[in-house]
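Numbering (the working numbering), first residue to last: 9 to 250.
One structure is given here, and the rest of the page talks about it.
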Ligand SMILES: Nc1ncnc2c1ncn2[C@@H]1O[C@H](COP(=O)(O)OP(=O)(O)OP(=O)(O)O)[C@@H](O)[C@H]1O
């Protein structure tokens, strides 16, 4: 990415992730479904927001809009000072690759690759030298507690460990924004808690702006703030008491 200007939180007070008056409509026969209705959101570097709300309220739609995977019908998505809506599709892909880490519910790891290789693939796609990619992969596997599992393939890992590889992989591109959809859906209570703790830790350590969609309200206290979606409308962000 060459021509984008970057306004970091510290330099300007701008938040790493901002959604301004974002409305997203899906076509539904002759009608439209309003999945997001004038949503405003700001998450700063090093902050982790829990996003909760009933099924169908628009949580996943907010994540895909924030990830620039879909263009909103109306409103602005601003990532690290760059307004995504001003970009063409190619520029938007570059912005996403260089600033956004996405963690889905299922890790989607490639069966034939070791943990280190899963991470290195993403850097390879960014055109980074192999040696550099390997060093960063090993460093990140250490951060997520998998230093001993760098050579293991997915079938040799537990569900929680696979999710840790997934988290490390999302951090490979040094993202400014981390978007996470139900990371604990397939995990037991203990593993769920350690995954949310890890996400809170990497949010601070790597100064990313993190949004985590979750049904596990018991782990919200491990994050900085919470906001609730209802019928596409996002309620006010409430700070979580320390
Ligand atoms: N690709 C799509 N095409 C048409 N309608 C969609 C599409 N994706 C979502 N919707 C609709 O948009 C609304 C919001 O859906 P969304 O998946 O964002 O909610 P959610 O809160 O993430 O739900 P869940 O917790 O069940 O995942 C719903 O009415 C849904 O049916």
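Here a beta-carbon is modelled for each residue, glycine too, at the ideal position from N, C-alpha and C.
Everything numeric in this text was worked out from a predicted model, so none of it was measured.
- Taking the Cβ atoms as the reference, residue 83 lies roughly 6 angstroms from residue 28, within the contact range of under 8 angstroms.
- Look at residue 143 here: in three-state DSSP terms it is helix.
- C-alpha of residue 79 to C-alpha of residue 173: approximately 29 angstroms in a straight line.
- Bounds of the alpha helix (DSSP H) holding residue 200 are 197-213.
- The beta carbons of residue 108 and residue 121 sit about 22 angstroms from each other, so the pair does not count as a contact at 8 angstroms.
- Boundaries of the alpha helix (DSSP H) around residue 167: 167-179.
- Linking residue 117 to residue 45 through their CA atoms gives a straight-line distance of about 34 angstroms.
- Taking C-beta separations shorter than 7 angstroms and ignoring five residues to either side along the sequence, the partners of residue 148 in its chain run 127, 176, 179, 180, following chain order.
- Annotated three-state conformation of residue 238 is strand, per DSSP.
- Straight across, the Cα-Cα distance linking residue 75 with residue 104 is about 7 angstroms.
- Under the three-state reduction of DSSP, residue 55 is assigned to coil, being neither helix nor strand.
- Counting along the chain, residue 132 sits inside the alpha helix (DSSP H) bounded by residues 123-133.
- Taking a C-beta distance under 9 angstroms as the contact criterion, residue 220 and residue 70 do not qualify as a contact pair.
- Going by beta carbons, residue 43 and residue 32 fall inside the 9 angstroms limit.
- With a cut-off of 8 angstroms, the C-beta of residue 41 is classified as near ligand 1, since at least one heavy atom of the ligand falls inside that distance.
- In the DSSP assignment, residue 217 forms a beta bridge with 185.
- DSSP places residue 97 in the helix class (H, G or I) of the three-state scheme.
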